[in-house]
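If you read the sequences in order, they're chains A and B. Using this note's numbering, the letters of the first sequence map in sequence onto residues 22 to 273. Using this note's numbering, the letters of the second sequence map in sequence onto residues 22 to 273. Ideal Cβ positions, reconstructed from N, Cα and C, are used throughout, including at glycine. To start, the structure under review is shown below, and the notes come after it.
2 protein chains.
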Amino acid sequence: MNETIKTILNHRSIRSFEDKKLTDEQIETIVKSAQAAATSSFVQAYTIIGVTDRDKKEKLAEAAGHQRYVVENGHFFVFCLDLHRHELAAEMEGLDKKDIIESIESTEMFMVGCIDAALAAENAVNAAESMGLGICFIGALRNNLNEVTKILKTPDRVIPLFGLCVGYPAKITGQKQRLPFENIYHKEEYIQDDEVLKDQLKQYNNDIIDYYKERTGGRRADRWTEQMAQKVSHPTRMYMKDFLKNKGLPLN
Amino acid sequence: MNETIKTILNHRSIRSFEDKKLTDEQIETIVKSAQAAATSSFVQAYTIIGVTDRDKKEKLAEAAGHQRYVVENGHFFVFCLDLHRHELAAEMEGLDKKDIIESIESTEMFMVGCIDAALAAENAVNAAESMGLGICFIGALRNNLNEVTKILKTPDRVIPLFGLCVGYPAKITGQKQRLPFENIYHKEEYIQDDEVLKDQLKQYNNDIIDYYKERTGGRRADRWTEQMAQKVSHPTRMYMKDFLKNKGLPLN
Numbered sequence: 022m023n024e025t026i027k028t029i030l031n032h033r034s035i036r037s038f039e040d041k042k043l044t045d046e047q048i049e050t051i052v053k054s055a056q057a058a059a060t061s062s063f064v065q066a067y068t069i070i071g072v073t074d075r076d077k078k079e080k081l082a083e084a085a086g087h088q089r090y091v092v093e094n095g096h097f098f099v100f101c102l103d104l105h106r107h108e109l110a111a112e113m114e115g116l117d118k119k120d121i122i123e124s125i126e127s128t129e130m131f132m133v134g135c136i137d138a139a140l141a142a143e144n145a146v147n148a149a150e151s152m153g154l155g156i157c158f159i160g161a162l163r164n165n166l167n168e169v170t171k172i173l174k175t176p177d178r179v180i181p182l183f184g185l186c187v188g189y190p191a192k193i194t195g196q197k198q199r200l201p202f203e204n205i206y207h208k209e210e211y212i213q214d215d216e217v218l219k220d221q222l223k224q225y226n227n228d229i230i231d232y233y234k235e236r237t238g239g240r241r242a243d244r245w246t247e248q249m250a251q252k253v254s255h256p257t258r259m260y261m262k263d264f265l266k267n268k269g270l271p272l273n
Numbered sequence: 022m023n024e025t026i027k028t029i030l031n032h033r034s035i036r037s038f039e040d041k042k043l044t045d046e047q048i049e050t051i052v053k054s055a056q057a058a059a060t061s062s063f064v065q066a067y068t069i070i071g072v073t074d075r076d077k078k079e080k081l082a083e084a085a086g087h088q089r090y091v092v093e094n095g096h097f098f099v100f101c102l103d104l105h106r107h108e109l110a111a112e113m114e115g116l117d118k119k120d121i122i123e124s125i126e127s128t129e130m131f132m133v134g135c136i137d138a139a140l141a142a143e144n145a146v147n148a149a150e151s152m153g154l155g156i157c158f159i160g161a162l163r164n165n166l167n168e169v170t171k172i173l174k175t176p177d178r179v180i181p182l183f184g185l186c187v188g189y190p191a192k193i194t195g196q197k198q199r200l201p202f203e204n205i206y207h208k209e210e211y212i213q214d215d216e217v218l219k220d221q222l223k224q225y226n227n228d229i230i231d232y233y234k235e236r237t238g239g240r241r242a243d244r245w246t247e248q249m250a251q252k253v254s255h256p257t258r259m260y261m262k263d264f265l266k267n268k269g270l271p272l273n
């Protein structure tokens, strides 16, 4: 197994960092690694904002749900979907707003932006972890994007998708076992038999119960299906559709 | 610079592969690397379909736009957003469909699925490239998802997002220079000055013109802004919104 695959398979989220900032060189390596990712039709539909200002980090943490690691880390990146850049490009080429609005406001371009930004982010993660740094994604930035877009002064058609804390790990956590290989990977076509899929999930539940029991000395014994049922029966961030529309992305 | 960062920075799309299949062990390493990626609230909202059947690959290539490398590669993966698994999980926990529909059908859950799948895919890319393999993303699978979902027999709430050709490179292509660092990476907040951003894009246009001139012996001299203006003034895949709705994802 080579070093890259070892790094990838060793991933875990780190939520406690040493009080040591990343150097400019480290930040540049991480961002350039992000940029090296594939991008749909060369659109590069994302922007990365690096936040070091303490006051700004405190405000972001407050918007996201008061996670201390949003403030206390080596560097805080925010990955944004960015279609504003393409509006500028079109303007530079003499196009009128009305010529581009159908495309820019489409569901397809939104998908392109989400996927482009995430491909870039995972490269940033692998680069950071290969340097001995730890990371934690902050999807909770999406809890309050009205506030986050104000703090980061993003224009319309730029949507902060998630944060990424990077830093020197102060506490290494355990790895959570993923879904069974057979449940994630299907050969030739999607397995249609829900009973087979459910059996795989039952097997997985047992693995996850063991994980929690061991980690908590028997106090927790959650099933994965229980966690997921809990999650999907409590809708979150239902403001998203209207928020995106207000920011110039009605997803037509 | 470590091996992982070298691998990442050396990425380029490969569109011509040797006639040599990936081994089961290689496929397993790639999929397990994908699974090691971070996932929002542990939802793991994706499924990977591996296609080797020649007839099926021909049909997928036809749906995507007749790219030969969709058929001729070492292995063809399709990364799908998958919220069907969470419906099953909720059913196993005794929930009724009506208890979960608001969450499952939300824009937020769709974003989670797109991001989860792309994070996993970029790990697959890094694992494959670290083993000396080449890759090419096939976003064009989204040209005709009605056909693709039939070929892959995906149920409702499973959306093929993109394909990934992996194989032994037969022809190594050049790297296309990315947007200027300062255009992608903003410090503390989004740079509000569009004139500054436009100047950066002008500088980038010159770099890209040089790239095309060199690669084509002077026959092509495209600007990046020209390519983007062309793209956003020609809307594509405008069926997406209705398609997603028909597949149980109205993005509420």
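Annotation: I230 (chain A) has no Cβ neighbours in chain B at a cutoff of 9 Å; minimum Cβ distance is about 14 Å.
For G134 (chain B), the uninterrupted alpha helix (DSSP H) segment begins and ends at T128 to S151.
Apart from sequence neighbours up to five positions away, the residues of its chain that approach G155 (chain B) with a beta-carbon distance below 6 Å are I35 and P190, ordered along the chain. Residue pairing by DSSP places H207 (chain B) opposite A:I70 in a beta bridge.
Chain-ordered listing is empty here: chain A has no CB closer than 7 Å to the CB of N227 (chain B), the nearest sitting near 13 Å. For H87 (chain B), the secondary structure class from DSSP, reduced to helix, strand or coil, is coil.
Three or more beta-carbon pairs drawn from the region 146-166 of chain A and the region 36-55 of chain A are found closer than 8 Å, and the two stretches are therefore classed as touching.
Flagged as an interface residue toward chain A: A111 (chain B), by a C-beta distance shorter than 9 Å. At least one beta carbon of chain B lies nearer than 9 Å to the beta carbon of D74 (chain A). Note that the region 240-257 of chain B touches the region 54-64 of chain A; at least 3 beta-carbon pairs, one per stretch, sit closer than 8 Å. Per DSSP, V64 (chain B) lies in no beta strand (DSSP E) and is assigned neither H nor E. Of the residues assessed, K208 (chain A) falls on the exposed side of the cut-off, its CB having fewer than 16 other CB atoms within 10 angstroms. Secondary-structure assignment with DSSP links D103 (chain A) through a beta bridge to A:V179.
What E247 (chain A) touches in chain B, judged by beta-carbon distance under 7 Å, is E114, going in chain order. With respect to the C-alpha of A82 (chain B), the residue from B:F264, B:G269 and B:G160 having the closest C-alpha is B:G160. A Cβ-Cβ contact shorter than 9 Å links A84 (chain B) with L162 (chain B). One finds S254 in chain A with Cβ atoms closer than 7 Å to the Cβ of D120 (chain B), taken in chain order. Listed by position along chain B, the residues whose Cβ is nearer than 8 Å to that of R36 (chain A) form an empty set, because the closest Cβ is around 12 Å away. Beta-bridge analysis with DSSP links L185 (chain A) to A:F98 and A:F158. Taking 9 Å as the threshold, the shortest C-beta distance from I205 (chain B) to chain A falls below it.
The straight-line gap separating the alpha-carbon atoms of D263 (chain B) and P271 (chain B) is approximately 8 Å. For chain B, the residues of the region 60-91 of chain A that bring a beta carbon within less than 9 Å of one of its beta carbons are T60, S61, S62, F63, V64, Q65, Y67, T68, I69, I70, G71, V72, T73, D74 and K77, in chain order. Per DSSP, the continuous alpha helix (DSSP H) segment holding Y232 (chain A) begins and ends at D215 to T237. Under the Cβ criterion (8 Å, minimum of three pairs), the region 134-142 of chain A counts as touching the region 163-183 of chain A.
Identification of residues in the region 137-159 of chain B having a C-beta nearer than 9 Å to some C-beta of chain A yields D137, A138, A139, L140, A141, A142, E143, N144, V146, N147, A148, E150, S151, M152, I156, C157 and F158, given in sequence order.
Counting other Cβ atoms within 10 Å of its Cβ, F202 (chain B) stays below 16 and is therefore classed as exposed. The region 24-34 of chain B makes contact with the region 23-34 of chain A; the number of CB pairs closer than 8 Å reaches 3 or more.
Scanning chain B for C-beta atoms nearer than 7 Å to the C-beta of K234 (chain A) yields nothing, as the closest lies near 17 Å away. One alpha carbon belongs to Y232 (chain A), the other to K223 (chain A), and they sit about 14 Å apart. Secondary structure note for T194 (chain B): it is in no alpha helix (DSSP H), with a DSSP letter that is neither H nor E. Close CB contacts of M152 (chain B) within its chain, under the 7 Å cut and outside five residues either way in sequence, are with Q47 (chain order). Distance from the CA atom of K171 (chain B) to the CA atom of K171 (chain A), rounded to whole angstroms, is 44 Å. Distance from the Cα of Y90 (chain A) is smallest, within the candidate group A:M113, A:E210, A:S127 and A:F158, for A:F158. In the three-state scheme derived from DSSP, where H, G and I count as helix and E and B as strand, S254 (chain A) is classed as coil.
C-alpha of S37 (chain A) to C-alpha of V187 (chain A): approximately 10 Å in a straight line.
Going by DSSP, L166 (chain A) is part of the alpha helix (DSSP H) stretching over L166 to L173.
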